[in-house]
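*Asks:*
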Amino acid sequence: MPIRLFAALLLMLTTCQVRATSDVPFHTEAVASFDEPWAMAFLPDQRMLVTEKKGRLWIVDEQGDKRSVDGLPDVGYGGQGGLGDVAIHPDFANNGLLYLSYVESAADGTRGAAVGRARIDVNAKRPALADFEVIWRQYPKMVGKGHYGHRLLFDDEGLLWITSGDRQKFTPAQDMQSNVGKVLRLADDGSVPSTNPFVNFTAESALVDNVGVYGQVWSLGHRNPLGIAQDLQGQIWVIEMGPRHGDELNLIRKSGNYGYPEVSDGDHYDGRAIPDHATRPEFEAPKISWVPAISPGHLALVKGTLFKDWGGQLLASGLGSKAIVRIAIDGDTAREVDRYDMGARIRSVLEGPAGAIWVLEDERGGSQGRLLKLTP
Ligand SMILES: [Ca+2]
355 MPIRLFAALL LMLTTCQVRA TSDVPFHTEA VASFDEPWAM AFLPDQRMLV
405 TEKKGRLWIV DEQGDKRSVD GLPDVGYGGQ GGLGDVAIHP DFANNGLLYL
455 SYVESAADGT RGAAVGRARI DVNAKRPALA DFEVIWRQYP KMVGKGHYGH
505 RLLFDDEGLL WITSGDRQKF TPAQDMQSNV GKVLRLADDG SVPSTNPFVN
555 FTAESALVDN VGVYGQVWSL GHRNPLGIAQ DLQGQIWVIE MGPRHGDELN
605 LIRKSGNYGY PEVSDGDHYD GRAIPDHATR PEFEAPKISW VPAISPGHLA
655 LVKGTLFKDW GGQLLASGLG SKAIVRIAID GDTAREVDRY DMGARIRSVL
705 EGPAGAIWVL EDERGGSQGR LLKLTP
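Under our numbering, residue 730 is the last one in the sequence shown; the count climbs by one each step, no gaps.
1) Is Q722 helix, strand or coil when you go by DSSP?
2) In the DSSP assignment, what are the bridge partners of E715?
3) I'd like to know if the stretch 506-522 and the stretch 450-457 are in contact, where contact means that at least 3 CB-CB pairs between them fall below 8 Å.
4) Sort out for me which residues DSSP pairs P801 with in a bridge.
5) With H, G and I counted as helix, E and B as strand and the rest as coil, what does DSSP make of S503?
6) Label H381 either buried or exposed according to how many other C-beta atoms from any shown protein chain fall within 10 Å of its C-beta, with 16 as the threshold for buried.
7) Cβ atoms of S649 and L673: under 8 Å apart, would you say?
8) In terms of residue numbering, what span does the beta strand (DSSP E) encompassing V691 cover?
9) Give me, in chain order, the residues of the same chain whose beta-carbon lies closer than 6 Å to that of H393; leave out the 5 immediate sequence neighbours on both sides.
10) My guess is that I683 and D585 are in contact by the Cβ rule of under 8 Å, so how many angstroms apart are they, rounded?
11) Kindly list the residues whose CB is nearer than 6 Å to the CB of D692, restricted to its own chain and excluding five residues on each side of it in sequence; keep chain order.
12) How far does the beta strand (DSSP E) with V537 in it extend, from its first residue to its last?
13) I need the DSSP call for H652, collapsed to helix, strand or coil.
14) Distance check for Y612 and Q667, CA to CA, integer angstroms please.
15) Report buried or exposed for L728, applying the criterion of at least 16 other Cβ atoms within 10 angstroms of its Cβ.
16) Mapping the DSSP letters down to three states, classify F396 as helix, strand or coil.
17) Let's test the definition: count the other Cβ atoms within 10 Å of the Cβ of Y623 and tell me whether it reaches 16, buried, or not, exposed.
In structure tokens form, the structure reads like this:
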């Protein structure tokens with residue numbers, strides 16, 4: 355084959371497979387940088403909260419100016435853990451309540467995710483958390499520094515959803531005496547809504563801070579759910595990191611069992627096979643399973659104020675895939691419609707109140723992760 359023809363073919367193949375960064379349908383502006391950033395949330399005044407895994411929280415304006423928030427809890431930094439997600443109460447404008455997920459370390463060296471809430475005056479000269487209280491704990495605490503999950507979402511009814519990873523221990527995801535490997539639905543103070551599916555088992559349930567584990571559970575059989583979003587129809591979607599391949603996008607049903615570790619379209623890292631979902635129809639199957647993996651970090655709904663063609667769709671941030679994955683929803687089905695190469699591990703993605711898409715890069719080999727603003 356003539357070299358020029360071969361080169362042209364190679365170029366065609368590579369451009370088909372990987373979209374060049376300059377080829378994406380948006381303009382990218384780097385606004386600020388952070389040390390291991392993990393999560394974002396928007397304040398009513400359109401400023402942003404950004405967490406860093408080592409335990410810092412920042413208030414950031416659209417120009418990238420940052421102010422540090424004082425009074426954070428000690429976080430068990432290390433491995434996949436530290437300070438995690440941040441969310442504001444649906445009535446934040448009146449009550450100033452902010453929610454954080456983070457890793458608690460016990461004296462015996464075990465660890466577990468926790469969620470706390472506190473009041474904050476974001477216009478104070480030196481903003482600080484006040485009246486901090488823990489409203490949820492992962493139970494039981496375990497050895498190890500992985501698979502905390504601990505993403506937060508307030509739904510359109512004002513209820514708080516928490517994703518709880520399996521702590522790399524597999525079987526607790528099926529154990530109803532543990533809230534590990536589950537998706538949980540709580541009231542804003544951490545109490546259990548009477549409409550949760552397993553509240554009637556509270557009498558036989560393990561207790562965490564006097565709250566029954568059973569009652570907290572909305573769905574089970576999850577591995578490491580790292581993103582949660584509610585679509586325009588009110589449905590809850592969770593994206594989770596699979597084992598070796600088999601990342602999943604799941605539509606979350608009340609009392610649904612998503613099968614881990616009994617089934618997965620991926621397999622264990624040590625090479626042992628896990629039966630695929632198709633072999634066990636009694637478990638809820640993912641709406642999308644990614645083989646090869648995208649390594650999701652987060653999931654966000656696009657309302658479409660600026661990105662009008664994307665309205666109602668979901669964006670997944672990709673760590674290993676260094677991409678943003680765009681997902682269309684049709685009723686209770688979902689499909690990947692496009693994928694944008696970002697050239698860096700992407701930890702989080704979120705549509706801002708004015709419609710721009712905000713993106714947090716993961717740490718970049720010792721250098722900081724950037725906050726990016728995407729506009730059409
Ligand atoms: Ca498998």
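The beta carbon of each residue, even a glycine, is placed where N, CA and C say it ideally should be.
*Replies:* Result, derived from the coordinates:
1) coil
2) I700
3) yes
4) Nothing can be reported for residue 801: it is not among the residues displayed for the chain, which extend from 355 to 730.
5) Contrary to the premise, residue 503 reads as Gly rather than Ser in this sequence. Strand.
6) exposed
7) yes
8) T687 to D695
9) The sequence given here has Ala at residue 393, not His. Excluding positions up to five away in sequence, the list reads T405, D439, V440 and S702.
10) 6 Å
11) R680
12) K536 to L540
13) strand
14) 23 Å
15) buried
16) strand
17) exposed
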